[in-house]
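Residue numbers (this note's numbering): 1 to 272.
Here is the structure we will look at.
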Amino acid sequence: MKRLVIAVFGMTILGMAASGVSRAEEHEDSWNQWEIGPEIYYFRYKEPDINVKFDGPMYGLAASFTHHHSNHLMLTAEGRGAGGTVNYTGSGTIDGIPDWTAEGRIAAGYDISLNESRRLTPFLGVGYRYLNDDSSGKTSSTGARGYDRESNYLYSPIGLEFNTQLNEGWKLGVSAEYDFFWRGEQKSHLEDASPSFNTVSNNQNNGYGIRGGLKLEKKGERFDFLIGPYVRWWHIGNSKSANITFSGVIVGTGYEPKNEALEVGGQLAVRF
């Protein structure tokens with residue numbers, strides 16, 4: 001693809017689930033919450049400086065465990081995974097590229113009771129996000145060869161959750177967060193395009209994320225049912241440069257250009 005060609009000759013080679021007030025919260029004791037359900041979202045990745053874009057639908061599963069202690073401390077662990085096929089636009093076009101992602105995070109917060117039916121919870125944690133985009137074995141409409149790409153992000157979510165009871169057993173949760181980007185690593189498996197190339201690993205030190213969502217919850221006899229939209233957005237700056245070799249000989253250097261990733265979708269879940 002275009003980034004590969006430029007690489008050789010001096011290259012420019014998406015949640016913290018918002019929690020509704022649970023039935024256990026009607027008491028002052030500690031309680032636990034489990035949540036699991038499918039999600040679907042639209043994914044778009046862009047490198048605006050070189051007009052590269054990947055986009056398409058993703059389908060996945062998200063799950064979380066949250067503990068609320070009687071001293072108002074909140075602890076949560078969550079994970080999600082998703083996959084799908086995306087289309088590439090840049091050095092020509094490629095359709096049907098397999099993509100998959102996995103993310104795990106833990107966080108601690110403090111429950112602040114605003115009144116009997118409303119709660120505010122600031123939180124802070126650490127998270128890891130992995131994304132694999134595999135166009136190896138594919139050729140674009142202009143003859144450029146694809147290759148496997150791996151993204152790794154280490155970050156800290158910093159945010160707020162607001163939860164309130166509504167009428168007739170309905171509850172509403174709202175979450176907003178800023179993701180502090182610690183570091184990232186981008187691996188470009190150029191050997192997929194030609195076995196003589198190396199795998200290029202670029203360190204990423206600049207960036208941030210923003211995300212938010214809603215959760216509308218209906219209380220049930222055994223389970224609570226939730227539905228809600230969300231948005232996740234990443235902005236990552238230019239990476240550090242790394243050498244590109246061909247048959248062991250350095251033929252250029254390359255960096256991962258500034259990029260943006262957007263995830264817009266929704267989730268269905270049960271809570272118990």
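Each residue gets a CB set at the ideal place from its N, CA and C atoms; glycine is no exception.
- request: Note the first and the last residue of the continuous beta strand (DSSP E) segment covering residue 67.
  value: Taking the first residue of the sequence shown as position 1, residue 67 is located at position 67. In the DSSP assignment, residue 67 falls within the beta strand (DSSP E) that extends over 52 to 68.
query: How would you write the range of the beta strand (DSSP E) that residue 77 sits in, first residue to last?
result: Residue 77 sits at position 77 when you count from the first residue of the sequence shown. Unbroken beta strand (DSSP E) run through residue 77: 73 to 90.
message: Quick check on DSSP: helix, strand or coil for residue 166?
response: As a working mapping, residue 166 is identified with position 166 in the sequence shown. In this structure, residue 166 counts as coil in the three-state DSSP scheme.
query: Would residue 109 be called buried (16 or more neighbouring beta carbons within 10 Å of its own) or exposed?
result: Working through the sequence shown from its first residue, we reach residue 109 at position 109. Of the residues assessed, residue 109 falls on the buried side of the cut-off, its CB having 16 or more other CB atoms within 10 angstroms.
message: Can you find the residues in the same chain that come closer than 6 Å, C-beta to C-beta, to residue 162, ignoring five residues on each side of it along the sequence?
response: Start at 1 with the first residue of the sequence shown, and residue 162 comes out as number 162. Correct list, in chain order: 120, 174.
task: Have a look at 200, 218, 44, 126 and flag the residue whose alpha-carbon is nearest the alpha-carbon of residue 148.
output: For the purposes of this step, residue 148 is identified with residue 148 of the sequence shown, where counting begins at 1. For the residues 200, 218, 44, 126, the minimum Cα distance to residue 148 belongs to 200.
- prompt: Secondary structure at residue 48, three-state DSSP: helix, strand or coil?
  reply: Taking the first residue of the sequence shown as position 1, residue 48 is located at position 48. It is helical.
message: Assuming residue 78 and residue 63 are in contact, meaning their beta carbons sit under 8 Å apart, how far apart are those beta carbons, in whole angstroms?
response: As a working mapping, residue 78 is identified with position 78 in the sequence shown. As a working mapping, residue 63 is identified with position 63 in the sequence shown. Confirmed, Cβ separation roughly 7 Å.
message: Here's the rule I'm using: 16 or more other beta-carbon atoms within 10 Å means buried, otherwise exposed. How should residue 59 be labelled?
response: In the sequence shown, counting from the first residue as 1, residue 59 sits at position 59. Residue burial is scored here from C-beta neighbours: residue 59 has fewer than 16 other C-beta atoms within 10 angstroms and is therefore classed as exposed.
field: Alpha carbon of residue 277 to alpha carbon of residue 156, nearest angstrom
entry: Here the chain covers residues 1 to 272 and nothing more, so residue 277 does not appear.
query: Going by the beta-carbon positions, is the gap between residue 210 and residue 179 smaller than 8 Å?
result: Residue mapping note: residue 210 aligns to position 210 of the sequence shown, counting from 1. Residue mapping note: residue 179 aligns to position 179 of the sequence shown, counting from 1. Yes, the pair counts as a contact, with Cβ atoms nearer than the cut-off.
- prompt: So, using beta-carbon positions, are residue 41 and residue 263 closer together than 8 Å?
  reply: The residue labelled residue 41 in the question sits at position 41 within the sequence shown. The residue labelled residue 263 in the question sits at position 263 within the sequence shown. When the beta-carbon positions are compared, residue 41 and residue 263 come within less than 8 Å of each other.
- prompt: Do you know how far the Cα of residue 102 is from the Cα of residue 91?
  reply: Within the sequence shown, the letter at position 91 stands for residue 91. Within the sequence shown, the letter at position 102 stands for residue 102. As the crow flies, the alpha-carbon of residue 91 is around 28 Å from that of residue 102.
field: Chain-order list of residues whose beta-carbon lies under 6 Å from that of residue 150 (same chain, five-residue window excluded)
entry: In the sequence shown, residue 150 corresponds to position 150, counting from 1. Once the five neighbours on either side are set aside, the close Cβ partners of residue 150 are 132, 187.
query: Since residue 234 sits in a beta bridge, which residues does DSSP pair it with?
result: By one-based count along the sequence shown, residue 234 stands at place 234. Beta-bridge pairing links residue 234 to 209, 261.
field: Rounded Cβ spacing between residue 230 and residue 267 (contact assumed at less than 8 Å)
entry: Here residue 230 refers to the residue found at position 230 when the sequence shown is read from its first residue. Here residue 267 refers to the residue found at position 267 when the sequence shown is read from its first residue. About 7 Å separates the two Cβ atoms, so the contact holds.
- request: Could you tell me the boundaries of the beta strand (DSSP E) in which residue 113 lies?
  value: Counting from 1 along the sequence shown, the entry for residue 113 is found at position 113. In the DSSP assignment, residue 113 falls within the beta strand (DSSP E) that extends over 112 to 115.
- request: Could you give the DSSP three-state label for residue 221: helix, strand or coil?
  value: For this step, residue 221 is matched to residue 221 along the sequence shown. Three-state result, residue 221: coil.
- request: Could you check what DSSP says for residue 191 in three-state terms: helix, strand or coil?
  value: Taking the sequence shown and counting its residues from 1, one reaches residue 191 at position 191. The three-state secondary structure of residue 191, taken from DSSP, is helix.
field: Nearest neighbour of residue 182, chosen from 193, 234, 80 [CA to CA]
entry: As a position in the sequence shown, residue 182 is number 182, starting the count at 1. Nearest option by C-alpha distance: 234.
message: What does the alpha-carbon distance come out to for the pair residue 244 and residue 190?
response: The sequence position of residue 244 within the sequence shown is 244, counting from 1. The sequence position of residue 190 within the sequence shown is 190, counting from 1. The straight-line gap from Cα to Cα measures roughly 9 Å.
query: If you drop the 5 nearest sequence neighbours on each side, which residues of the same chain put their C-beta closer than 8 Å to that of residue 137?
result: The residue given as residue 137 occupies position 137 in the sequence shown. Exclusion of the five residues before and after residue 137 leaves 146, 192 as the residues of its chain whose Cβ lies within less than 8 Å of its Cβ.
task: In angstroms with no decimal places, state the Cα-to-Cα distance between residue 43 and residue 87.
output: The count along the sequence shown starts at 1 and reaches residue 43 at position 43. The count along the sequence shown starts at 1 and reaches residue 87 at position 87. Roughly 10 Å separates the two Cα atoms.
- request: Please go through the same chain and pick out, in chain order, the residues whose beta-carbon is closer than 6 Å to the beta-carbon of residue 139, but skip the five residues on each side of it.
  value: Here residue 139 corresponds to residue number 139 of the sequence shown, with the count starting at 1. Contacts found: 145.
message: Could you tell me the alpha carbon to alpha carbon distance between residue 214 and residue 164, rounded to whole angstroms?
response: To locate residue 214, count along the sequence shown from 1; it is residue 214. To locate residue 164, count along the sequence shown from 1; it is residue 164. Rounded to the nearest angstrom, the two C-alpha atoms are 12 Å apart.
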